[in-house]
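Q: Here you go, one structure.
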Amino acid sequence: MLAPNYLPEAHHALIAELADNLESSSLHWLSGYFAGVAQARQPAREAAPPLTVAAVAAPDTAQRLTILYGSQTGNAKRIATGLYEKVLAQGLEARLVRADQYKTKELKDEQLLYVVMSTQGDGDPPDDSIAWVEFLLGKRAPKLPRLKYAVLGLGDSSYPSFCGISQKIDARLAELGAQRLQDPGTADLDIETVATPWQDRALEQAREALKSAAPAAAHQATVTPLRPQAEKFTRDRPFQAEVLLNQPITGRDSDKDIRHIELSLDGSKLQYEPGDALGVWPVQDDTLVARVLAATGLNAADAVEHQGTSRPLGEWLGRYRELTVLTRPFLAALAERAKQDDLTALLEPGARDRLASYLGTHQLIDALRQWPAHWTGPELVAALRPLTPRLYSIASCAAVAEDEVHLTLSHLAFETEGESRWGVASHFLAERAEGDTVPVFIEENSRFRLPADAARDIIMIGAGTGVAPFRAFVQARAEADAPGRNWLFFGNPHFTSDFLYQVEWQQALKDGHLDRIDLAFSRDQAEKIYVQHKLLAQGADVYDWIQAGAHVYVCGDADRMARDVHAALLEIARDHGGLDEEGARQWLDDLAAQGRYARDVY
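Note that the working numbering numbers the sequence shown so that position 359 is 359, with each residue one more than the last.
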């Protein structure tokens, strides 16, 4: 950035606004770009003034670190970007590449590769990494005797196959002859606990590997900032959004409690696009905190120090620790104290299925009561996983909602032996009244975007609250008067009680903003009918739309609905495209690579 005396005053605001909305990696690139433009425009007879960024030739792979990431909800991207920025700050050459944008033919020439990979479901790769992982694990992967590498996995220890895909990647790279620089990192939802030391070691290893190839640092001119910029609201500095509306949108006879929630972003300067998610930092219900204290015999007022921070135990449990989701690491800590044979047996390698069943049907309080043990406050806080934000697909278009953001929330609540249980974030949101505030931030989802060409048709497939982003999609297409057609597949149990946003969809059909809608109400007839069955019934038209350029979007449950829809699309390709099994799979992979098959699954 040039000092103000080089810049007309009228341009200050424009550049400040641009810089405020770009990530550090983009700013690094842009600074070099503008330097090049300035050089090109400099008259030959005039001596060029000193530049703040020196142009350097593109390095070969021996002089460069490649940081490859695969991300489902943005965490792996955030960690990989942070590492990339630290590497650049050391004056080292690096590139940051999302897995679906990596050219696999380049792998054989890489000499330094860091992989940051999240886990989808129980050990699967995220959607943006499926093709790259299949290549790496397949027969076409090259031998890699010159490659040095390190892998960081992000996962959720409530799943038995914790960070399973990153461990497969690490093992496969070693099998191909690459040299492992450090053991694979396996980060739980408290990501930084593992990611930070892994990054520190990775940065030191990058300095060692690239020090001989690092270019000499260019002289940097003194820079005067244009003006101080207001700090943006982020994951670590959330905005307190006021609740404007918290309204049930299922009928009284429904088995589900689904809410439409409207929050004010007024004054935040937060911006979002259709397809993005809203991050919410929840607070534990006081009732659950009291139950955990009673089960452990501990006092809420006791001061507990953990990792250099001291807080009352009640505050640790209420705002900083996960109390609803049960994980294997916590059960292991409990087993050390309870000394119960049945708990120890549950953690044996051969009990994987029984453990998965237990984790899926029990919460922390159940385990504490089933296997009583002696805990101190510091031991309990250390054993519990840090509370993390939850992400919700945004159900509004900013051009329509203006300074608001809307959510479609399923309140997870049930009873166990006559006692209430709930999901921490859905319960926190469902209990908020108008005027209350909620700590929020925007999580960008660049892989779940409307087509750049508004004339393209779109097919939207969602069940339950998976319809949320499609409300935003239809609003945005209507606001822009997009000529492309819109087709919605929606499923839920019952027409009369579970048809979410029914009036809005009917109005959209009437106004021509929704061209087709196919509904699957699974329990309104003897035979259960789901969205994948409706897809198959309309298979010929679905295939024709796709072949004519339509984009396909899927939002909802990853383990069941999204898998079944994926299988249905493969069947449609075989039945109506005449493709064999391998051809159908390649057809769908190609759509994903083109950005025409996108999933927002959880």
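Just so you know, even glycine gets a beta-carbon here, dropped at the ideal spot from N, CA and C.
These figures come from a predicted structure and were not determined experimentally.
How about Ala463 and Gly556: are their beta carbons less than 8 angstroms apart?
A: In this structure, Gly556 lies closer than 8 angstroms to Ala463 by Cβ.
Q: Let me confirm a value: Ala296 is counted as buried when at least 16 other C-beta atoms fall within 10 Å, else exposed. Which label applies?
A: Going by the sequence as given, residue 296 is Thr instead of Ala. Buried, by the Cβ-count rule.
Q: Quick check on His640: does DSSP put it in helix, strand or coil?
A: This structure does not reach residue 640, given that the chain is present from 1 up to 602, and the question cannot be answered.
Q: Using a Cβ-Cβ cut-off of 6 angstroms (strictly less than) and excluding sequence neighbours within five positions of Leu387, which residues of its own chain qualify?
A: Hits under 6 angstroms: Tyr320, Arg321, Glu322.
Q: Using only CA atoms, which one of Gln167, Pro142, Val243, Lys148 lies nearest to Ala433?
A: Measuring from the Cα of Ala433, the nearest candidate turns out to be Val243.
Q: Between Leu616 and Thr66, is the Cβ-Cβ spacing less than 8 angstroms?
A: The structure shown does not extend to residue 616, since the chain is modelled only from 1 to 602, so the question has no answer here.
Q: Under 8 angstroms by Cβ, that's how I've got Asn486 and Ile458 pegged, so tell me the actual separation to the nearest angstrom.
A: Yes, they are in contact, since the Cβ atoms of Asn486 and Ile458 sit about 6 angstroms apart, within 8 angstroms.
Q: May I ask you to report which of helix, strand or coil DSSP gives Ile249?
A: Looking at Ile249 - three-state DSSP - the assignment turns out to be coil, as it is neither helix nor strand.
Q: Is it right to say Gly279 is buried, meaning 16 or more other beta carbons lie within 10 angstroms of its own, or is it exposed?
A: Label assigned to Gly279: buried.
Q: Span of the alpha helix (DSSP H) holding Pro329?
A: Pro329 -> alpha helix (DSSP H) spans 328–338.
Q: So the candidates are Val438, Phe490, Arg471, Ala584; which of them puts its Cα closest to the Cα of Arg237?
A: When only C-alpha atoms are compared, the closest one is Val438.
Q: Helix, strand or coil for Gln39 per DSSP?
A: Reliability fails at Gln39, whose pLDDT of 42 lies under 50, so the model's placement of it is uncertain and the value that follows must be treated cautiously. Looking at Gln39 - three-state DSSP - the assignment turns out to be helix.
Q: Provide the residue span of the beta strand (DSSP E) that contains Asp518, from first to last.
A: Counting along the chain, the beta strand (DSSP E) containing Asp518 begins and ends at 516–521.
Q: Indicate whether at least one CB of chain B lies closer than 8 angstroms to the CB of Gln586.
A: The structure shown contains no chain B; it is built from a single protein chain.
Q: Could you check how far apart the C-beta atoms of Val116 and Ala80 are, in whole angstroms? I think they sit under 8 angstroms.
A: That pair is a contact at about 4 angstroms.
Q: Once DSSP output is grouped into helix, strand and coil, what is the label at Gly423?
A: Three-state DSSP puts Gly423 in coil, outside helix and strand.
Q: How many Å lie between Asp498 and Phe489 at the Cα?
A: Cα-Cα distance, rounded: 14 angstroms.
Q: What do you reckon, are the CB atoms on Leu407 and Leu359 nearer than 8 angstroms?
A: Contact flag unset, no.
Q: If you run the structure through DSSP and keep just helix, strand and coil, what is Gly435?
A: Coil, per DSSP.
Q: At 4 residues or longer, what runs of the alpha helix (DSSP H) sit wholly inside the stretch 488–518?
A: Correct list: 495–498, 502–511.
Q: Return yes when the Cβ of His533 is within less than 8 angstroms of the Cβ of Arg477, no when it is not.
A: No, the Cβ-Cβ distance between Arg477 and His533 is not below 8 angstroms.
Q: Given that a residue counts as buried once 16 or more other Cβ atoms are within 10 Å of its Cβ, and exposed if not, what is Leu245?
A: Exposed.
Q: Which residues share a DSSP beta bridge with Ser393?
A: Paired residue(s): Ala277.
Q: Under 8 angstroms, do Leu154 and Ile191 count as touching if we go by C-beta distance?
A: Yes, these two residues count as a Cβ contact at 8 angstroms.
Q: Do you know how far the Cα of Leu347 is from the Cα of Ser157?
A: About 13 angstroms.
Q: Determine the burial state of Gly350: buried for a count of at least 16 other Cβ atoms within 10 Å of its Cβ, exposed for fewer.
A: Counting Cβ neighbours within 10 Å, Gly350 comes out exposed, since fewer than 16 surround it.
Q: Could you tell me how far apart the beta carbons of Ala356 and Leu343 are, in whole angstroms, since I believe they sit closer than 8 angstroms?
A: Actually they are not in contact, since the Cβ atoms of Ala356 and Leu343 sit about 15 angstroms apart, beyond 8 angstroms.
Q: Since Ala206 contacts Leu176 with CB under 8 angstroms, what's their CB separation in whole angstroms?
A: Not confirmed; about 21 angstroms, so no contact.
Q: Ordered along the chain, which non-local residues of its own chain (more than five positions away) have a Cβ less than 8 angstroms from that of Ala592?
A: Asp100, Asp127, Ile130, Ala131, Ala598.
Q: Quick check: Ser71 and Thr119, are their CB atoms within less than 8 angstroms of each other?
A: Their beta carbons are not under 8 angstroms apart, which means Ser71 does not touch Thr119 by this criterion.
Q: Residues bridged to Glu415 by DSSP?
A: DSSP lists Ser420 as partners of Glu415.
Q: Determine the DSSP secondary structure at Ala593, reduced to helix, strand or coil.
A: Of the three classes helix, strand and coil, the one that applies to Ala593 here is helix, per DSSP.
Q: Assuming Leu203 and Val87 form a contact by the criterion Cβ under 8 angstroms, report the distance between their Cβ atoms to the nearest whole angstrom.
A: Sure, about 7 angstroms apart at Cβ, within 8 angstroms.
Q: Does the beta-carbon of Pro145 have 16 or more other beta-carbons within 10 angstroms, so that it is buried, or is it exposed?
A: With fewer than 16 other Cβ atoms within 10 Å, it is exposed.
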